[in-house]
Amino acid sequence: MTAKKRDVVIAGYSETAIDFKTGRSAFDLGGEALAKLLAATGISKDTIDGLSVTTPLSECPNPFFAVYMTEALGLTPTWLNYGGTGGCSATGGVARAASAIRDGHCEVVVVLSADAPSTAWRANYGAYRSEFQDPPGVQGPPATFGLLMSRYNHQFGIKSQALGKIAITQREHALHNENAYAKFKTPITMADYEKSRVIADPLRLLDCVMFCDGANAFLVTTEEKARSLGITKMVFPTAYAEVTNFNGNQPLSEITETGFSAIAPKVFKQSGLTAKDISMFQPYDDFTIAVMMKFEDFGFCKRGQGSDFTLDTDLSHKGTLPLNTGGGQISAGQPGLASGGLNLAEAVRQLFGEGGGRQVPNPKNALVTGIGVIPYARNWGTSAAMILEA
656 MTAKKRDVVI AGYSETAIDF KTGRSAFDLG GEALAKLLAA TGISKDTIDG LSVTTPLSEC
716 PNPFFAVYMT EALGLTPTWL NYGGTGGCSA TGGVARAASA IRDGHCEVVV VLSADAPSTA
776 WRANYGAYRS EFQDPPGVQG PPATFGLLMS RYNHQFGIKS QALGKIAITQ REHALHNENA
836 YAKFKTPITM ADYEKSRVIA DPLRLLDCVM FCDGANAFLV TTEEKARSLG ITKMVFPTAY
896 AEVTNFNGNQ PLSEITETGF SAIAPKVFKQ SGLTAKDISM FQPYDDFTIA VMMKFEDFGF
956 CKRGQGSDFT LDTDLSHKGT LPLNTGGGQI SAGQPGLASG GLNLAEAVRQ LFGEGGGRQV
1016 PNPKNALVTG IGVIPYARNW GTSAAMILEA
């Protein structure tokens, strides 16, 4: 997507409930998500001729997972995409599906993400991690984000109440989300946040996501095709950008400079919108600090002013900048590498006017982001952003 286009649409979405140790496979969860998508859109499964699948942590040793998923779902696509950018794979799958449709490879695409890492964790990251990172005891993303928070705090200062506000706001939104993990259906207070134990100083338990199982799916096609199928609800992905290994040519990059600072101007230019025009923000939220840093990178406030902006802004679903109105991953649960679709599904739901008790009043657009993989001594591997418009 190099300029604003309104020919391709997201014409449907679905989600499974998010749960912990379900005992189910990614294939099983993917099948449920597809069944719900077909029921929501009313289309025949045989209409689907394209499939984009996200690499799941629970099935990643299988190099042919995407192919086997077509068999499990009973699909015969003429275009198949296997997304390996983690939380960026859902929006990235939509963007790639749009390109494939425009190039004539397919007409009706399902972008599917399903994972069950709390049931079966089969990831082996390899590269330098097993040699240099794991032996010293770097316990995955929380430890890495603890370092990131420490660096940000050294440069600009963090007001813990700001991070607490993000967690509290998203938990309040999750109370209205029937798909959210049941354990999180309890309000939290600032006192709860400040009493939550430190996981990787200064990062606290309530700053973090929790691995769960779940799936989501999206129907991508042209507006013309959607209407011919009898579909009336649709949204337009008018802008998309991504970058991988930001500042990768620098041996010692600044970890608080993220790829979002590079792609934010691109999505705003493509859409013709500015930060002030955004109706709601549905950012990838594996940790609260990532949300706050994206406030800065997308121009909602200046660099280093994230704490004050967070404290001064109404982030509720009725506020000036509604934030992760389904609870986000932090308060709905993180369905493994299907997590990027969680934030995207909430954006589509809101633009369809199906938000129920958390519905944003008259939304015109949504900004959705994705994060993929957390390397050591950098911020994150892939940054992706998409703007959807009604």
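The number in this note's numbering is simply the position in the sequence shown, starting from 1, with 655 added. Note that CB positions come from ideal geometry on N, CA and C, so glycine has one too. For clarity, every value in this text was computed on a predicted model and none was experimentally measured.
- Item | Close beta carbons around S934, own chain, < 6 Å, minus the five adjacent residues each side | P1018, K1019, N1020
- Query: Does DSSP classify Q1005 as helix, strand or coil?
  - Reply: helix
- Is it buried or exposed for H809, if we count other Cβ within 10 angstroms and need 16 for buried? exposed
- Can you tell me the Cα-Cα spacing of G747 and I1026, whole angstroms? 11 Å
- Three-state secondary structure assigned by DSSP to I813: coil
- Message: So the candidates are G729, I910, R852; which of them puts its Cα closest to the Cα of G1036?
- Response: I910
- Message: Do T980 and H655 have their beta-carbon atoms positioned less than 9 Å apart in this structure?
- Response: The chain is shown from 656 up to 1045; residue 655 falls before or after that span and cannot be answered.
- Query: So is R852 buried or exposed if we call it buried at 16+ other beta carbons inside 10 Å?
  - Reply: exposed
- Task: Classify D704 as buried or exposed, calling it buried when 16 or more other Cβ atoms lie within 10 Å of its own Cβ.
- Result: buried
- Could you round the C-beta distance between P892 and I665 to whole angstroms and report it? I think they count as a contact, below 8 Å. 6 Å
- Message: I'd like the list of long-range same chain contacts for Q825, defined as Cβ closer than 6 Å, with 5 residues on each side in sequence excluded.
- Response: N979, G982, G983, I985, S986
- Contact between the stretch 852-866 and the stretch 1009-1017 (3+ Cβ pairs under 8 Å): no
- So what does DSSP say about T709, is it helix, strand or coil? strand
- Task: Since I believe A1032 is in contact with L1006 (beta carbons under 8 Å), could you give me their beta-carbon distance rounded to a whole number of angstroms?
- Result: That pair is no contact at about 38 Å.
- Task: Provide the residue(s) that pair with M1041 in DSSP beta bridges, ordered along the chain.
- Result: Y895, V1023
- Query: If you scan the stretch 658-745 from start to end, which runs of the beta strand (DSSP E) of 3 or more residues do you find wholly inside it?
  - Reply: 663-670, 705-709, 734-738
- Contact check, V766 vs F936, beta carbons under 9 Å: no
- A755 and N736 closer than 9 Å at C-beta: yes
- Query: Of the residues N998, Y807, G801, which one's Cα is nearest the Cα of I1029?
  - Reply: G801
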